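These notes are about the structure you will find just below.
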Amino acid sequence: MKKLFFVIFSLLFVVSLFAADMAVWEKSTLNSIIKRKELRVGLEAGYMPFELKDKKGNIIGFDVDIAKEMAKELGVKLTLVNTAWDGIIPALLTNKFDIIMSGMTITPQRNMQVNFADPYIVVGQTILIRKDLAGKIKSYKDLNDPKYTVVTKLGVTADFATKKLMPKAKLRLFETEQEAAMEVINGKADAFVYDLPYNAIFYAQNKSKLVFLDKPFTYEPLAWAINKGDPDFLNWINNFLMIIKGDGRYDAIYNKWFKTTDWLKEVQ
Numbered sequence: 002m003k004k005l006f007f008v009i010f011s012l013l014f015v016v017s018l019f020a021a022d023m024a025v026w027e028k029s030t031l032n033s034i035i036k037r038k039e040l041r042v043g044l045e046a047g048y049m050p051f052e053l054k055d056k057k058g059n060i061i062g063f064d065v066d067i068a069k070e071m072a073k074e075l076g077v078k079l080t081l082v083n084t085a086w087d088g089i090i091p092a093l094l095t096n097k098f099d100i101i102m103s104g105m106t107i108t109p110q111r112n113m114q115v116n117f118a119d120p121y122i123v124v125g126q127t128i129l130i131r132k133d134l135a136g137k138i139k140s141y142k143d144l145n146d147p148k149y150t151v152v153t154k155l156g157v158t159a160d161f162a163t164k165k166l167m168p169k170a171k172l173r174l175f176e177t178e179q180e181a182a183m184e185v186i187n188g189k190a191d192a193f194v195y196d197l198p199y200n201a202i203f204y205a206q207n208k209s210k211l212v213f214l215d216k217p218f219t220y221e222p223l224a225w226a227i228n229k230g231d232p233d234f235l236n237w238i239n240n241f242l243m244i245i246k247g248d249g250r251y252d253a254i255y256n257k258w259f260k261t262t263d264w265l266k267e268v269q
């Protein structure tokens, strides 16, 4: 009798575990994407070369090309949801899209709201300064002075890094990277702090007016963000990243956007 009871209990336990697993899968974003036949990607089209608009208004970029590969592997169509940066996490949390693929840096604060996949690229903060400050400003430490005006974009890691490492400088924040960087070009600010990829491209376009301090002074892994409590989707994303890094697709996309500037003709 005891043996029979133990067998029945074991079977019930296995069935309950299976039911729990199926319940998790039913609620999974991955399952929803497959049923909907659509992958919705949240991004802000203003961060060269990760996502930006071409001359026709189409969103292109490094993240976009990887998102296309992701949708292809899922066998679904891709929908890009252009979203203001300060509202991008709230939009994910309210199911406006399935995943954030927008050059987002992993931070402990953001990680309390979302789950991050494995980093797909590592960048750091660098500095563009006015040409006439060459030799006077050699690192971020030299900018930590009230006589200098530093600009960057509101709410990004450059904003936080500047406040933390250059607290004495006059900080001005802008809605877009372009607006902030142009303040240095126009002589209204002394330095622009931002991620290495963006600064490298902006410098290439404005070498006659800027000096590029290209050694990153922060370590910033970028990753895709999804809602919490979704192990199936997180597992799929990490495996997808591993596969495209192994089969050459990642390198091909990386080389296109970071090792050449051929794509600039599409946006200029």
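According to this note's numbering, the sequence shown holds residues 2 to 269 in order. Note that CB positions come from ideal geometry on N, CA and C, so glycine has one too. All values derive from a computational prediction rather than experimental measurement.
Residue i versus residue j: straight-line alpha-carbon distance, rounded
{"i": "residue 173", "j": "residue 152", "result": "5 angstroms"}
{"i": "residue 55", "j": "residue 195", "result": "22 angstroms"}
{"i": "residue 181", "j": "residue 213", "result": "15 angstroms"}
{"i": "residue 104", "j": "residue 51", "result": "6 angstroms"}
{"i": "residue 135", "j": "residue 169", "result": "20 angstroms"}
{"i": "residue 132", "j": "residue 36", "result": "55 angstroms"}
{"i": "residue 53", "j": "residue 27", "result": "34 angstroms"}
{"i": "residue 42", "j": "residue 148", "result": "42 angstroms"}
{"i": "residue 250", "j": "residue 208", "result": "32 angstroms"}
{"i": "residue 19", "j": "residue 48", "result": "The predicted model places residue 19 with a pLDDT of 42, which falls under 50 and marks its position as unreliable; any figure quoted below should be read in that light. Taking the straight line from one Cα to the other gives about 44 angstroms."}
{"i": "residue 165", "j": "residue 211", "result": "24 angstroms"}
{"i": "residue 69", "j": "residue 146", "result": "45 angstroms"}
{"i": "residue 116", "j": "residue 234", "result": "11 angstroms"}
{"i": "residue 217", "j": "residue 124", "result": "8 angstroms"}
{"i": "residue 240", "j": "residue 75", "result": "12 angstroms"}
CB of residue i within 9 angstroms of CB of residue j, strictly
{"i": "residue 227", "j": "residue 67", "result": "no"}
{"i": "residue 222", "j": "residue 106", "result": "yes"}
{"i": "residue 1", "j": "residue 186", "result": "With the chain represented from 2 up to 269, any question about residue 1 goes unanswered, as that position is not in the structure."}
{"i": "residue 176", "j": "residue 155", "result": "yes"}
{"i": "residue 71", "j": "residue 79", "result": "yes"}
{"i": "residue 158", "j": "residue 219", "result": "yes"}
{"i": "residue 31", "j": "residue 248", "result": "no"}
Buried or exposed by the 16-neighbour rule on C-beta atoms within 10 Å, applied to residue i
{"i": "residue 29", "result": "buried"}
{"i": "residue 109", "result": "exposed"}
{"i": "residue 114", "result": "exposed"}
{"i": "residue 45", "result": "buried"}
{"i": "residue 102", "result": "buried"}
{"i": "residue 95", "result": "exposed"}
{"i": "residue 121", "result": "buried"}
{"i": "residue 267", "result": "exposed"}
{"i": "residue 265", "result": "exposed"}
{"i": "residue 118", "result": "buried"}
{"i": "residue 167", "result": "buried"}
Inter-residue CB distance, residue i and residue j (contact presumed, cutoff 8 angstroms)
{"i": "residue 225", "j": "residue 63", "result": "At roughly 12 angstroms, the Cβ-Cβ gap does not stay under 8 angstroms, so residue 225 and residue 63 are not in contact."}
{"i": "residue 111", "j": "residue 90", "result": "7 angstroms"}
{"i": "residue 163", "j": "residue 191", "result": "Contact doesn't hold; Cβ gap of about 12 angstroms is too wide."}
is_contact[residue i, chain B] using C-beta, thresh 9 angstroms
{"i": "residue 233", "result": "No chain B appears in the structure shown, which is made up of a single protein chain."}
Is there contact between the region 124-136 and the region 195-205, where contact requires at least three CB pairs shorter than 8 angstroms?
-> yes
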